[in-house]
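Q: Quick one: the structure is below, questions incoming.
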Amino acid sequence: MTTHITELLNALGVPSSAFTGGTLNVRSPIDGAALGAVHEASAEDMRVAVARAHAAFLDWRNVPAPKRGELVRLFGEELRAHKADLARLVSLEAGKVSSEGEGEVQEMIDICDFAVGLSRQLHGLTIASERPGHRMMEQYLPLGVVGIISAFNFPVAVWAWNSALALVCGDSCIWKPSEKTPLTALATQALFERALARYNAAGGTAPVHLSQLLNGGAAVGETMVDHPQVALVSATGSTRMGRAVGPRVAARFGRCLLELGGNNAIIVTPSADLELAVRGILFGAYGTAGQRCTTTRRVIIHESIHDELVARLDRARAQLKIGSPVEAGTLIGPLIDGASFEAMQKALAAAREQGGEVSGGERALASQYPNAWYATPALVRMPAQTDIVKHETFAPILYTLKYKTLDEAIALQNEVPQGLSSAIFTNDIREAETFVSASGSDCGIANVNIGTSGAEIGGAFGGEKETGGGRESGSDAWKAYMRRTTNTVNYSRSLPLAQGVKFDI
Ligand code: NAD
C-alpha cells in the first residue's frame with residue numbers, strides 16, 4: 013500500500029517530503045496500513061498564512077470576476093485530467109468505495125463548472141429611489157479571507173464547494189482539512205497550484221498565496237477561527253465542532269457558515285413504490301458505510317406496510333457486500349477508525365436498552381483486516397423514537413419506526429434536533445405536497461421519491477437547527493462569500509432627503 017500511495021501522490025504532484033517525516037500519522041481505514049506522516053502547521057504558521065491570504069485578497073478582489081473564473085476553469089481541467097488518481101486516493105485514505113470516490117471528484121468538477129458560469133453572473137439589483145434624479149443599487153463585492161474547515165467523510169468535495177465559489181467571488185482561501193485525511197488535501201492543493209501556475213503563465217495575475225492548505229488538528233483550526241482577518245469561517249463537521257466554532261466567530265462578529273450533523277429520515281406511506289423505497293433506503297442508510305451527513309438514519313413506515321418493508325430491508329441488508337472499497341462489487345467499505353466502531357457499538361447497546369431489536373452491527377472481516385474496522389450494516393426495530401434515535405451516530409445504523417397518520421409521521425421526522433435532509437416515498441400527491449410544504453419537513457433538504465443522500469451541486473446545500481443553518485454549493489449560496497453594499501447615486505442638482513426630512517441651511 014505504501015509504495016502505491018507514494019506513486020499516486022507523486023503522480024498528483026505531491027513531493028514525498030510533504031508526506032514523510034511529519035508528526036501527523038495517516039492510516040488507511042482499509043487495512044490500517046501507514047500511508048504517511050504529514051507535517052502539521054503550528055498556530056504561528058496559521059497566523060502567517062492569514063496575513064498572506066489577506067494580502068492575496070487585496071490583489072485578487074480587483075481582478076475582474078470572469079477572469080477569476082478562468083482560474084477555476086483551469087482547476088476543473090486539472091481535476092478532469094487526474095480524476096481517477098484523486099478518486100483512488102479518496103478511497104485509500106477515507107475508505108469510500110471506488111464509484112463514490114469518483115463521484116466525489118466529479119462533484120468537484122461540477123462545482124468548478126458552476127462557478128465558472130457564476131463568474132459572469134455575480135449580479136445585484138437596481139432599486140427604484142423615492143427621490144428624483146437618484147438611483148439605488150445593490151452590489152456584491154469580494155468579502156476577504158475565507159477559512160474552510162472540512163470533515164473526513166467528504167475530504168475534498170466540501171473544500172471545492174467552498175473554494176470554487178470563494179475564488180470567483182474574489183476571496184482568498186485557507187483550508188484546514190480533517191486530520192484524518194491530509195493526503196487527499198495535499199493532492200488537491202498540488203492540482204490547484206498547477207492550475208494557478210498555468211493561469212499565471214498565460215498572463216494571469218493570481219497571487220501565489222491565493223489558496224493555502226494547512227494540515228493539523230482542531231488547535232490549528234481554532235487559530236483560524238479566532239483570527240479577525242478571516243472574514244468567513246465555513247466549517248463542516250460534527251455539531252460538537254459547530255458548538256465550539258460558532259460562538260467564537262460570533263464573539264468577534266465574523267461570518268460563519270456551518271454545515272453540521274444530520275439525522276435524516278425517510279417516510280414511507282401506503283401508496284409508495286416499495287421497490288424504489290427499498291433501493292433509496294438501502295443506499296441512503298448503508299452507502300458510504302453510513303458516514304454521510306445525509307445518511308438515512310431513520311425510516312418511518314406506515315403501519316399497514318411496516319412489517320413487509322422492514323422484512324425486505326432486513327433481507328437486503330444482510331446481503332450487501334462488505335469489503336475493501338477498491339475491490340469491484342463492494343458496496344460497504346470500512347468505518348474510518350476504531351473509535352467510530354466503538355461509537356457504533358455503544359449506540360446499538362443503548363438502542364437495545366431503549367427497547368430496540370437489533371439485526372447486524374457486528375464487526376466484519378476482522379481476521380482479514382485485524383487493524384481495520386468493518387461492520388455489518390445494522391437495522392434496529394424501535395418501539396418509539398427514544399433518545400438514541402435522536403442522536404447522530406456516524407455509522408451504518410438504520411432505526412425503523414411505525415406511524416398511523418401522516419401528521420404523526422411528519423412530527424416524528426421533525427422531532428430530532430438536527431435538520432439536514434429528509435424524504436418521503438409516496439404516490440399520493442397530497443402527501444408529497446404536504447411533506448414539502450410549510451407544515452411538512454423542517455429540513456434544508458426535503459425530497460420526494462428519492463432518498464436523503466446524494467445531492468446535486470445545483471441546489472443550495474445545508475440544513476436547519478443543529479445542522480447549523482449554512483447553505484453552500486449551488487443556487488445563490490455564493491452570496492455568503494461576498495459582502496453586499498447598497499449604493500444610492502444622486503445625478504440631480506439638488507439634495508432631497510428621504511422620508512421628506514428637511515435640513516435647510
Ligand atoms: P469533526 O467535527 O470531528 O471534525 C471536522 C473538522 O473540524 C476537522 O477538520 C476538525 O479538525 C475540525 N475541528 C474540530 N474541532 C474544532 C474546533 N474546536 N475548532 C476548529 N476546528 C475544529 O467531524 P468529522 O468526524 O470529521 O466528520 C463527521 C461529521 O461531520 C458528522 O457529524 C457529519 O454529519 C458532519 N458533516 C456534515 C456535513 C454537512 O454538509 N452538513 C458534511 C460532511 C460531514
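In my numbering, the protein residues as written are 13 to 517. For glycine and all other residues, C-beta sits at the position ideal for the given N, C-alpha and C.
In terms of residues, what are the limits of the beta strand (DSSP E) holding Ala458?
A: Residue 458 sits at position 446 when you count from the first residue of the sequence shown. Ala458 -> beta strand (DSSP E) spans Ile457 to Val460.
Q: Does DSSP put Lys108 in a helix, in a strand, or in coil?
A: Position 96 of the sequence shown holds residue 108. In the structure shown, Lys108 sits in coil (DSSP, three-state: anything other than H, G, I, E or B).
Q: Would a check of beta-carbon distances place Arg267 closer than 9 Å to chain D?
A: Of the protein chains in the structure, only one exists, and it is not chain D.
Q: Within the same chain, show all residues whose beta-carbon is closer than 6 Å to that of Ile334, passing over the 5 residues directly before and after it, in chain order.
A: In the sequence shown, counting from the first residue as 1, residue 334 sits at position 322. Closer than 6 Å at the Cβ level, and outside the excluded window around Ile334, lie Ile344, Ala376 and Tyr386.
Q: Pick from Ala510, Asn499, Arg291 and Gly482: whose alpha carbon is nearest that of Val245?
A: Here residue 245 refers to the residue found at position 233 when the sequence shown is read from its first residue. Selected option, being the one with the closest Cα: Gly482.
Q: What first and last residue would you give for the beta strand (DSSP E) that runs through Ala247?
A: In the sequence shown, the residue the question calls residue 247 occupies position 235. Looking at the DSSP string, the run of the beta strand (DSSP E) that includes Ala247 is Val242 to Thr248.
Q: Would you identify the three-state DSSP class for Glu369, choosing helix, strand or coil?
A: In the sequence shown, the residue the question calls residue 369 occupies position 357. Of the three classes helix, strand and coil, the one that applies to Glu369 here is strand, per DSSP.
Q: Measuring straight from C-alpha to C-alpha, what distance separates Arg59 and Leu222?
A: Your numbering for residue 59 matches position 47 in the sequence shown. Your numbering for residue 222 matches position 210 in the sequence shown. Whole-angstrom Cα-Cα distance: 15 Å.
Q: Could you tell me how far apart the beta carbons of Val117 and Leu83 are, in whole angstroms, since I believe they sit closer than 8 Å?
A: Taking the sequence shown and counting its residues from 1, one reaches residue 117 at position 105. Taking the sequence shown and counting its residues from 1, one reaches residue 83 at position 71. Not quite, the Cβ-Cβ distance comes to about 19 Å (not below 8 Å), so this is no contact.
Q: Whole beta strand (DSSP E) runs in the region 303 to 388 with 3 or more residues, listed along the chain?
A: 308 to 314 and 369 to 371
Q: Looking at C-alpha atoms only, which residue of Leu226, Asp43 and Gln430 is the closest neighbour of Pro194?
A: For the purposes of this step, residue 194 is identified with residue 182 of the sequence shown, where counting begins at 1. Nearest C-alpha to Pro194 among Leu226, Asp43 and Gln430: Leu226.
Q: Is any heavy atom of ligand 1 found at a distance shorter than 8 Å from the C-beta of Arg304?
A: Walking along the sequence shown from the start, residue 304 turns up at place 292. At least one heavy atom of ligand 1 is nearer than 8 Å to the Cβ of Arg304, so yes.
Q: Does the region 312 to 326 come into contact with the region 412 to 429, if we say contact requires no fewer than three beta-carbon pairs (one atom in each stretch) closer than 8 Å?
A: yes
Q: Alpha carbon to alpha carbon, how far is Cys185 from Ser175? Give it in angstroms, no decimals.
A: Here residue 175 refers to the residue found at position 163 of the sequence shown. Here residue 185 refers to the residue found at position 173 of the sequence shown. Rounded to whole angstroms, Ser175 to Cys185 spans 7 Å at the Cα level.
Q: Among residues of its own chain, excluding the 5 on either side of Arg264, which ones have a beta-carbon nearer than 6 Å to its beta-carbon?
A: Counted from its first residue, the sequence shown places residue 264 at position 252. Cβ within range, chain order: Pro240.
Q: Considering only C-alpha positions, which residue in the set Val460, Tyr298 and Leu104 is nearest to Thr405?
A: Residue mapping note: residue 405 aligns to position 393 of the sequence shown, counting from 1. Comparing Cα-Cα distances from Thr405 to each of Val460, Tyr298 and Leu104, the minimum goes to Tyr298.
Q: Taking Glu478 as part of the beta strand (DSSP E), name the residues at either end of that continuous run.
A: For this step, residue 478 is matched to residue 466 along the sequence shown. Glu478 -> no beta strand (DSSP E), and no H or E assigned at all.
Q: Do the region 62 to 71 and the region 155 to 170 touch if we need at least three Cβ pairs shorter than 8 Å?
A: Enough Cβ pairs lie closer than 8 Å, so yes.
Q: Using the rule of at least 16 other Cβ atoms within 10 Å of the residue's Cβ for burial, across every protein chain shown, is Arg80 buried or exposed?
A: One-based indexing of the sequence shown puts residue 80 at position 68. Classification for Arg80: buried.
Q: Pull up the CB-CB distance for Ser250 and Thr438, whole angstroms please, since I reckon it's below 8 Å.
A: Against the sequence shown, residue 250 aligns to sequence position 238. Against the sequence shown, residue 438 aligns to sequence position 426. Not confirmed; about 32 Å, so no contact.
Q: Per DSSP, Lys188 is paired with what?
A: Within the sequence shown, residue 188 is the residue found at index 176, counting from 1. In DSSP, Lys188 forms a bridge with Ile161.
Q: Nearest-angstrom Cα distance between Ala207 and Ile160?
A: Along the sequence shown, read from residue 1 onward, the residue named residue 207 stands at position 195. Along the sequence shown, read from residue 1 onward, the residue named residue 160 stands at position 148. Distance between the alpha carbons of Ala207 and Ile160: 20 Å.
Q: Rounded to the nearest angstrom, what separates Leu360 and Glu354 at their Cα positions?
A: On the sequence shown, position 348 is the one that residue 360 refers to. On the sequence shown, position 342 is the one that residue 354 refers to. Leu360 and Glu354: Cα-Cα distance of roughly 10 Å.
Q: May I ask which residues mark the beginning and end of the alpha helix (DSSP H) holding Glu56?
A: Taking the first residue of the sequence shown as position 1, residue 56 is located at position 44. It spans Ala55 to Trp72 - the alpha helix (DSSP H) in which Glu56 sits, taken as one unbroken run.
Q: Determine, using beta carbons only, whether Leu36 and Glu105 come nearer to each other than 9 Å.
A: As a first step, residue 36 is located in the sequence shown; it is residue number 24 there, counting from the start. As a first step, residue 105 is located in the sequence shown; it is residue number 93 there, counting from the start. Result no, Cβ atoms of Leu36 and Glu105 do not sit closer than 9 Å.
Q: Ordered along the chain, which non-local residues of its own chain (more than five positions away) have a Cβ less than 8 Å from that of Glu315?
A: Looking up residue 315 in the sequence shown gives position 303. Only Lys414, Tyr415 and Lys416 meet the Cβ criterion.
Q: Judging by CA-CA distance, which residue of Glu112, Lys514 and Met494 is the nearest neighbour of Tyr152?
A: Locating residue 152 in the sequence shown gives position 140, counting from the first residue. Taking only the C-alpha atoms, the option nearest Tyr152 is Met494.
Q: Looking only at its chain, what residues have a beta carbon closer than 6 Å to the beta carbon of Ala467, apart from the 5 residues adjacent to it on each side?
A: What you label residue 467 is simply residue 455 of the sequence shown in a count that begins at 1. Counting only Cβ-Cβ distances below 6 Å, and skipping sequence neighbours, we find Phe473.
Q: Could you check where the alpha helix (DSSP H) with Val261 kicks off and where it finishes?
A: The sequence position of residue 261 within the sequence shown is 249, counting from 1. Thr251 to Ala263 is the extent of the alpha helix (DSSP H) around Val261.
Q: Ignore the nearest five residues each way along the sequence and tell me which others in Glu191's own chain have a CB closer than 7 Å to its CB.
A: Within the sequence shown, the letter at position 179 stands for residue 191. Within the same chain, Leu36, Gly228 and Gly229 come within 7 Å of Glu191 by CB-CB distance, once the 5 residues on both sides are set aside.
Q: Per DSSP, what are the beta-bridge partners of Tyr415 in this structure?
A: Locating residue 415 in the sequence shown gives position 403, counting from the first residue. According to DSSP, Tyr415 bridges with His314.
Q: Going by the beta-carbon positions, is the gap between Ser401 and Ser371 smaller than 9 Å?
A: Taking the first residue of the sequence shown as 1, we reach residue 401 at position 389. Taking the first residue of the sequence shown as 1, we reach residue 371 at position 359. A small fix is needed here, since residue 401 is Val in this sequence, not Ser. Contact: no.
Q: In chain order, what residues of the same chain lie with their CB nearer than 6 Å to the CB of Thr138, ignoring the 5 residues before and after it?
A: Taking the sequence shown and counting its residues from 1, the one referred to as residue 138 is at position 126. The residues are Met149.
Q: I'd like to know whether the C-beta atoms of Ile317 and Phe447 end up nearer to each other than 9 Å.
A: Residue numbering aside, residue 317 sits at position 305 when the sequence shown is read from its first letter. Residue numbering aside, residue 447 sits at position 435 when the sequence shown is read from its first letter. For Ile317 and Phe447, no; Cβs fall outside 9 Å.
Q: Do Trp173 and Glu484 have their beta-carbon atoms positioned less than 9 Å apart in this structure?
A: Counting from 1 along the sequence shown, the entry for residue 484 is found at position 472. Counting from 1 along the sequence shown, the entry for residue 173 is found at position 161. Annotated as proximal: Glu484 and Trp173, with beta-carbon spacing under 9 Å.
Q: Any contact of the region 96 to 111 with the region 161 to 168, i.e. 3+ C-beta pairs under 8 Å?
A: yes
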